[in-house]
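Heads up, the thing below is written out as structure tokens.
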Amino acid sequence: MSVPQVSPTEDPILRCTGVVAGHDGLAVVNGLDLTVGAGEVVALLGANGVGKTTTLLTISGLIPLLGGSIELQGRDLEASRRMPIGGGNRSARSQQVLDRARSGIAHVPEDRALFFDLTVQENLRLGLKRKSDRKHGSLGRKQAPSQVEDDTNQAEQQLGSSEILDQVLGYFPALTGLLDQPAGLLSGGQQQMLAIGRGLMSQPKLLMVDELSLGLAPILVEQLLPVLRTFAQTTGAGVLIVEQHVHLALAVSDRAYLLRRGKATLSGSSAELSADPDLVEAGYFGE
1 MSVPQVSPTE DPILRCTGVV AGHDGLAVVN GLDLTVGAGE VVALLGANGV GKTTTLLTIS
61 GLIPLLGGSI ELQGRDLEAS RRMPIGGGNR SARSQQVLDR ARSGIAHVPE DRALFFDLTV
121 QENLRLGLKR KSDRKHGSLG RKQAPSQVED DTNQAEQQLG SSEILDQVLG YFPALTGLLD
181 QPAGLLSGGQ QQMLAIGRGL MSQPKLLMVD ELSLGLAPIL VEQLLPVLRT FAQTTGAGVL
241 IVEQHVHLAL AVSDRAYLLR RGKATLSGSS AELSADPDLV EAGYFGE
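Structure follows, in structure tokens:
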């Protein structure tokens with residue numbers, strides 16, 4: 001059985017065309033095309049080192065785009081800020097990351113990037129601050145801690161933070177009784193819930209989650225992955241996941257791309273790919 005190539009989603013949330021990206025000017029991703037539609041979960045599969053994480057880092061602006069284009073809801077994210085081969089200076093990269101967050105991209109990295117000394121609620125509120133910045137255009141402006149706190153409190157009043165927080169806790173009810181706990185005292189599973197929850201607080205147009213299952217028991221992964229599908233279906237946002245457990249990724253996603261040597265060598269609906277594991281295995285090893 002051969003799996004047909006899936007036509008690009010019409011008017012997708014995310015469209016990557018011919019993306020070339022890497023580190024220190026060396027391409028890891030080389031000519032990648034992919035789309036993520038509204039309300040859709042898309043999985044990036046492939047062996048270690050094929051460019052999955054690099055793809056997410058490039059979309060979120062953490063590493064430079066060396067070629068191709070990245071569009072969010074039809075807007076070229078690189079149109080006014082393409083960086084040189086060397087990657088630009090740190091300030092330019094930081095501003096690019098902030099611009100991407102402002103545009104509606106939330107990225108949950110594989111290390112979760114939590115602030116362990118802050119409470120669960122404070123970590124979540126950082127996501128709300130990002131949403132406030134996107135609405136009011138303040139992202140990227142250096143502020144004193146007291147001003148950040150004042151702005152966050154104002155954001156809570158203006159943007160209905162209680163309602164947003166309730167929605168996020170609805171996805172992760174286990175966090176409800178932990179709001180005053182330092183994030184560093186949480187279990188691995190709870191920290192992953194918090195990392196995703198912080199991304200959801202910004203009500204993103206595109207949510208990217210890198211290796212949700214890393215360090216977690218399979219039974220917990222099976223509980224967390226469906227939350228991403230529920231979020232996509234209820235909000236119309238796009239979700240792009242990188243996941244090492246192929247069968248779990250295919251079970252929760254609508255479509256999948258299998259990367260090899262920085263390119264998508266196989267793509268199709270998750271149902272079709274699940275029905276032909278030999279084809280997926282061959283895609284991993286280039287047979």
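Residues in the sequence shown are numbered from 1 upward in steps of one, following full-length UniProt numbering. C-beta atoms are modelled at their ideal positions from N, C-alpha and C, and glycine is treated no differently. What you are looking at is a predicted structure, and each value in this text was computed from that prediction instead of being measured.
Cβ contact annotation for Val-246 (same chain, cutoff 7 Å, sequence separation greater than five): Leu-45 and Val-280, in chain order. Secondary structure of Leu-114 (DSSP, three-state): coil. Assigned with DSSP and collapsed to three states, Asn-48 falls in coil, not helix or strand.
Relative to the Cα of Arg-198, the nearest Cα in the group Phe-172, Leu-216, Leu-250 and Leu-185 belongs to Phe-172. One alpha carbon belongs to Ala-92, the other to Arg-261, and they sit about 28 Å apart.
Per the C-alpha coordinates, the member of Ala-43, Val-19, Leu-175 and Ala-21 positioned closest to Gly-268 is Ala-43. Just so you know, the alpha carbons of Leu-212 and Thr-234 end up roughly 20 Å apart. By the neighbour-count criterion, in which 16 or more other beta carbons inside 10 Å mark a residue as buried, Pro-12 falls on the buried side. Here Ile-219 is exposed: its Cβ has fewer than 16 other Cβ atoms, across all protein chains shown, within 10 Å. Per DSSP, reduced to three states, the secondary structure at Leu-179 is coil, with no helix or strand assignment. Here Ser-270 is buried. Its C-beta has 16 or more other C-beta atoms within 10 Å.
Under the DSSP definition of a beta bridge, Ser-269 partners with Arg-255. The three-state reading of DSSP puts Ser-60 in coil, since its state is none of H, G, I, E or B. Closest in alpha carbon position to Val-41, among Gly-283, Asp-276, Val-252 and Thr-265, is Val-252.
Going by C-alpha positions, Val-36 is about 18 Å away from Pro-109.
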